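Undergrad: Residues in the sequence shown are numbered from 2 upward in steps of one, following the working numbering.
One structure coming up, written as structure tokens, with questions to follow.
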Amino acid sequence: MGSLSVWVAIVVTVLGLVAVMAAVARRLLGVRFGRVRLLLAGVLGLLVSGPISRGMAGSVPRDTTSTAPLWLLILAVVASVIVAMVFLVVAEALVPTGRVTPLLWLRGLRARSRRTRRYAQILAIAVRHGLGPYLRGRRSAAPAARSLRQALEEGGLTFVKLGQVLSTRRDLVPGEFVDELSTLRDRATPIAWAEVQAVLAAEFGVPPDELFASIEPEPLAAASVAQVHAATLLSGASVVVKVQRPGLRSIVDRDLDIVGRLAATLETRTRWGRTAGAVGLADGFAQAVREELDFRIEARNLTAVAAADPDGPVTFPVPVAALCTEKVLVMSRLDGVPLSGAAPVVAARGLDAADLARTLLFCVLRQILVAGVFHADPHPGNVLLLTDGRLGLLDFGSVGRLDGGVREALQRLLLALDRGDPAGATDALLGVVARPDEVDEERLERSLGQFMARYLGTGGGTDPQLFRSLLRLIADYELTVPPEVAAVFRALTTIEGGLAELAPGFDVMTEARGFANRYFAELWRPETVRQALTAELTTLVPVLRRLPRRVDRIASALERGRLGVNVRLFADERDRRHVSSLVHQVLLTVLAGVAGIMAVLLLGTAGGPMVTATLSLFALFGYNLLAVAAILALRVLVVIFRTDR
């Protein structure tokens, strides 16, 4: 029992010394560290304290009665603390605090293992489709665009979506790749009916029979995200049920992590990645894909788009709010045929194909230019020709949103293109894109003038290559297209193909210019102008009422020679803290340098009173000053490493 008490006392003492050593090191450095890191620093300091103390004690005679042993013991303790501080600074430089902890490392071990296996799968897919030479920086005889498209299709949902997004970025991707990637379709093999029932039961907590009067086991359509089943509510209403594939979220999260890492590598190592902002593009893509996996967001998107054009000629499905969850979306059923196969039906019914195409185009343009919320993927499969002759839009998982400033710039761009005004088009374009630090506006204006003369000349309609050429022009001047504006081009280029299928020869740009003329004519109606002036005057009246008094005060002060300007430097608390931190670091650096120089001078000075047979008083002072210099220098270094992580 006695020996156990002794061991307990030893353990408690050691732990106490470790804690004291770690606390002193942390306090001298002046920043916070993790517990594990502090524990390791304390243990290291305690381990080296013994050898350092014994080494210094060896120079002191055993029969001495001076205070030299005490001073040397203090110096040994300080040296041990400095060792612990050095460990913390080096650890901060190599692995900054907060980046990696043992617990996070253990949690991430399984994720890293899964990611490594996925890397191997992607690499095998790329090699199988002939992309291996490109990965090694070489070229291959195989067509790269087709190989990339096939590899993305085999890669799964995330990479199919990535290919679809890249197919809309003609400002970033070569034309042959865009043409090939634009053929990607989000298709998949249907999942079993038992799995659908399991998802419905998990989302609502009751069997599907208690939610629907009937539901068809055979899906109407199946994609890589979800599949759609026809159903009838208990009220008798005809609906469709969109059910997300089980286990999709974890797969997408893993693949998006890989896409983000690849984007970071591109932005770090390639000029193209830095110019295009690869990390920002990857972040926007990841956000869009994650939103598409939450059907509650799709339901809100559907409601927002429908509310923006409530009386329009295009029909939208209505979501059943009580039956919309993250993985299930129930909405009213639109009965019709997809636009991709509607040409025979249009001819059989005697409908005007050009009028239908114009209706769909004007609907999308109203969403973009007026409402600011629009369907970002209106491909022919998402557009229905209904049995009553109207058009319907489906699948609102991908929706774009534009703020008022971008909408106004797009309106001015469309108006300038219609007028053939290069100067106005240049100003509007620079208001839409993310411009670089330096851009030759005069040269850009001339290029836009040549562009309009070539593609928007009178007679014969517009060139079908207009959108592609405009994006190439934007890329030539390194004007980065923001994701929300890229979604606009994606919607327009996508709908252009669908309208060409519905009404061959339909001129999208000419009709868009007609829409612009009609829309801007509506803006100049007396009632619209009166409402705009009323809103502006309501805002300006309070300012105008205060303006005469303020002008009189300024004139009086100027007349009396008392006009002055009051400028407060460092008014922001963050600025003051930043400057104070810089001053503190400079002072600590100077003090560390002075203490180090004095230490070197004292250590190099011969003679003086002897503390021991081999140690002079000057050398003792020098060692202490050297310890002070080391502590101050380490304090500066740890702040530098902490702020630069």
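Cβ coordinates follow ideal geometry from the N, Cα and C atoms, glycine included.
Predicted model only: the values in this text are computed from it and were never measured.
Quick check on THR615: does DSSP put it in helix, strand or coil?
TA: It is coil, neither helix nor strand.
Undergrad: Going by alpha carbons, who is nearest to LEU449 out of THR190, GLY432 and GLY425?
TA: Per the Cα distances, GLY425.
Undergrad: Distance, Cα to Cα, VAL640 vs VAL580?
TA: When rounded, the distance between both Cα atoms is 14 angstroms.
Undergrad: If you run the structure through DSSP and keep just helix, strand and coil, what is SER448?
TA: In this structure, SER448 counts as helix in the three-state DSSP scheme.
Undergrad: By DSSP, does ALA504 sit in helix, in strand, or in coil?
TA: Three-state result, ALA504: coil.
Undergrad: Assign HIS380 to one of three DSSP states: helix, strand, or coil.
TA: Correct three-state label for HIS380: coil.
Undergrad: Measuring CA to CA, which of ALA145, GLN122, ARG118 and ALA121 is closest to GLY131?
TA: Residue ALA145 is the option with its Cα nearest to GLY131.
Undergrad: Which of the three DSSP states is assigned to ARG402 in this structure?
TA: Residue state, collapsed to three classes: strand.
Undergrad: If contacts are defined as beta-carbon pairs under 8 angstroms, then ALA238 and GLU217 qualify, I think. What distance do you get, rounded to the angstrom?
TA: That belief does not hold up - the Cβ atoms of ALA238 and GLU217 are roughly 15 angstroms apart, past 8 angstroms.
Undergrad: Taking LEU395 as the reference, give the member of THR316, ILE298 and GLU293 with the closest Cα.
TA: That would be THR316, whose Cα lies nearest to the Cα of LEU395.
Undergrad: Please report how far the alpha carbon of ALA504 lies from the alpha carbon of THR539, in whole angstroms.
TA: Those two C-alpha atoms are separated by around 47 angstroms.
Undergrad: Does the count of Cβ pairs from the stretch 323-332 and the stretch 193-209 closer than 8 angstroms reach three?
TA: Output reads yes: the stretch 193-209 touches the stretch 323-332.
Undergrad: For GLY248, does the three-state DSSP call read helix, strand or coil?
TA: GLY248 falls in the coil class under three-state DSSP.
Undergrad: Could you have a look at GLY499 and say whether DSSP puts it in helix, strand or coil?
TA: Of the three classes helix, strand and coil, the one that applies to GLY499 here is helix, per DSSP.
Undergrad: PRO345 and MET332: beta carbons closer than 8 angstroms?
TA: Contact: no.
Undergrad: What beta strand (DSSP E) runs, 3 residues minimum, are completely inside the stretch 295-371?
TA: Runs of the beta strand (DSSP E) inside the stretch 295-371: 329-333 and 337-339.
Undergrad: Over what stretch of residues does the alpha helix (DSSP H) that includes HIS130 continue unbroken?
TA: Careful: HIS130 lies outside any alpha helix (DSSP H) and carries neither H nor E.
Undergrad: List the endpoints of the continuous beta strand (DSSP E) containing VAL587.
TA: Taken as a continuous stretch (DSSP letters only), VAL587 belongs to no beta strand (DSSP E), being part of the alpha helix (DSSP H) at 574-604.
Undergrad: Nearest to ASP422 by alpha carbon, out of ARG531, GLY405 and LEU445?
TA: Ranking the options by Cα distance to ASP422, first place goes to LEU445.
Undergrad: Thinking just about the alpha-carbon of each residue, which of LEU263, VAL253 and LEU73 is nearest to the one in LEU124?
TA: Checked all of LEU263, VAL253 and LEU73; the closest Cα to LEU124 is LEU263.
Undergrad: How should THR14 be labelled, buried or exposed, when 16 other C-beta atoms within 10 angstroms of its C-beta is the threshold for buried?
TA: Label assigned to THR14: exposed.
Undergrad: Over what stretch of residues does the alpha helix (DSSP H) that includes THR159 continue unbroken?
TA: Residues 158-167.
Undergrad: Along the beta strand (DSSP E) that carries VAL233, what are the first and last residues, could you check?
TA: The amino acid at residue 233 is misidentified as Val; the sequence shows Thr. From DSSP, the beta strand (DSSP E) with THR233 extends over 227-234.
Undergrad: Specify whether the stretch 300-310 and the stretch 276-291 touch according to this definition: at least 3 beta carbon pairs, one from each stretch, less than 8 angstroms apart.
TA: The stretch 300-310 vs the stretch 276-291: no contact.
Undergrad: Leaving out the 5 sequence neighbours to the left and right, which residues in its chain are closer than 7 angstroms to GLU196 when beta-carbon positions are compared?
TA: PRO247.
Undergrad: Short of 6 angstroms in beta carbon distance, which residues of its chain neighbour ASP419, apart from the five on each side in sequence? Order them along the chain.
TA: Cβ neighbours of ASP419 beyond the five flanking positions: ARG514 and ALA517.
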